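Everything on this sheet refers to the single structure shown next.
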Amino acid sequence: MAPKSKSGKKTTSTATNTQAPKESIRPDWPALKPLLPAADLSVETLLENQILTIPRFWTSTLCKNYVSFLSTLPLTTTPGKPKKGEAVRVNDRFQINDPVFAEQLWSGTALKGLVTNYTADGDHEVHELWGGDVIGLNPNIRIYRYSKGQFFDQHYDESNNISFPSADSAAPIPAKTTWTLLLYLTSPATGCKGGETVFYPEPASKREAAPAPVVANLAVGMLLLHRHGNDCLLHEGREVTEGEKWVIRSDLCVKR
1 MAPKSKSGKK
11 TTSTATNTQA
21 PKESIRPDWP
31 ALKPLLPAAD
41 LSVETLLENQ
51 ILTIPRFWTS
61 TLCKNYVSFL
71 STLPLTTTPG
81 KPKKGEAVRV
91 NDRFQINDPV
101 FAEQLWSGTA
111 LKGLVTNYTA
121 DGDHEVHELW
131 GGDVIGLNPN
141 IRIYRYSKGQ
151 FFDQHYDESN
161 NISFPSADSA
171 APIPAKTTWT
181 LLLYLTSPAT
191 GCKGGETVFY
201 PEPASKREAA
211 PAPVVANLAV
221 GMLLLHRHGN
231 DCLLHEGREV
241 TEGEKWVIRS
251 DLCVKR
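Numbering (full-length UniProt numbering), first residue to last: 1 to 256.
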């Protein structure tokens, strides 16, 4: 169940998510291949209408290539002392506004088809599930590296209003983000231990006990989607105890 109130809870920084990234030189991203055929991929439910995964969205070979490439980017270590109201996060990151890469990740893979053709769980209509008409991925691309001892404390992800670049018009499309996208490039299979993403559903009423946490274990090439904004669950990235955890982050965008 999504939280009824977030008062007093720590969140990610709105400024961090919306400000123009400092990096302006577009990386020479490796080609998105090899990839598994779309017919071999499917959307799986970790928590109904809240957390979805696409196992093997990227092949292990592609993930390995990207880890090697991302290691060459100018990563910046997050401040050790967060601003008031922000969760403690200790990692290294790279951030860039790259509509071309976002579009490649969206329509140059099976993601667009899997999302737009997804049959929602229960009584949720697809439009209601995604929060509107999905038009693509947030061009604000974030790369995270968590080394041994690094983590992301409990927090909520906020929804942001953005101007979505349109290929059909000179004017951008008014849009908002509704689901967080996390693409895991490493796992215990590559020597990364810890770093699981853990969600904390709230009970249906104060009289009920809190449901058990929902743990998303790292898997090479797995893509995870979870609701954010008002429907976001409290969650954290557990401390990495060995190796490195590499993640590519974006968001699903819908028309406002």
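Ideal Cβ positions, reconstructed from N, Cα and C, are used throughout, including at glycine. The model shown is predicted, which means the values in this text are computed figures rather than measured ones.
Cβ neighbours of residue i in the same chain (closer than 8 Å, five flanking residues each side left out)
| i | result |
| --- | --- |
| residue 263 | There is simply no residue 263 to check, as the chain begins at 1 and stops at 256 in what is shown. |
| P172 | S163, F164, P165 and S166 |
Cβ pair residue i, residue j closer than 8 Å
| i | j | result |
| --- | --- | --- |
| T186 | G243 | yes |
| L32 | L62 | yes |
| T53 | L223 | yes |
| A182 | R89 | Position check: residue 182 holds Leu in this sequence, whereas Ala was assumed. No; because the gap between Cβ atoms is not below 8 Å, this pair is not in contact. |
| L105 | L111 | yes |
| C253 | L137 | yes |
| G149 | E239 | yes |
| residue 260 | P37 | The chain is shown from 1 up to 256; residue 260 falls before or after that span and cannot be answered. |
Residues that residue i bridges to, as DSSP identifies them
| i | result |
| --- | --- |
| V88 | For V88, which the question treats as bridged, DSSP gives no partner whatsoever. |
| C253 | G136 and T177 |
With 16 other Cβ atoms within 10 Å as the buried cut-off, status of residue i
| i | result |
| --- | --- |
| K255 | exposed |
| E26 | Residue 26 is actually Arg in this sequence, not Glu. Exposed, because fewer than 16 other Cβ atoms sit within 10 Å of the Cβ of R26. |
| S159 | buried |
| T241 | exposed |
| V100 | exposed |
| R93 | buried |
| T45 | exposed |
| E102 | Before going further, note that residue 102 is Ala rather than Glu in the sequence given. Burial call: buried. |
Nearest to residue i (by Cα), restricted to the options the options
| i | options | result |
| --- | --- | --- |
| Y146 | S169, K193, C253 and A102 | K193 |
| G195 | N91, N65, T53 and I25 | N91 |
| K245 | A210, L129, N161 and I143 | I143 |
| G131 | T177, K112, A102 and P211 | T177 |
| L47 | V247, A216 and G136 | A216 |
| I135 | P188, D168, F152 and Q154 | D168 |
| P211 | A171, P201, A219 and S205 | P201 |
| P55 | A39, H235 and D133 | A39 |
| T190 | S60, E239 and D28 | S60 |
| Q95 | H235, L218, P37 and L70 | L70 |
Cβ shell of residue i (< 6 Å), same chain only, five flanking positions each side left out
| i | result |
| --- | --- |
| N140 | N97 |
| W58 | G221 |
| H226 | I51 and T180 |
| C232 | Y156 and D157 |
| I162 | A175 |
| V67 | L185 and W246 |
beta-carbon residue i near the ligand HEM non-hydrogen atom, thresh 7 Å
| i | result |
| --- | --- |
| G195 | Annotation note on the ligand HEM: not contained in the displayed structure, which lists no ligands. |
Residues near residue i by beta carbon distance below 7 Å, same chain, minus five either side
| i | result |
| --- | --- |
| A213 | Going by the sequence as given, residue 213 is Pro instead of Ala. Excluding residues within five positions, the ones whose Cβ falls inside 7 Å are V198, F199 and Y200. |
| V43 | L52, I54, L114 and Y118 |
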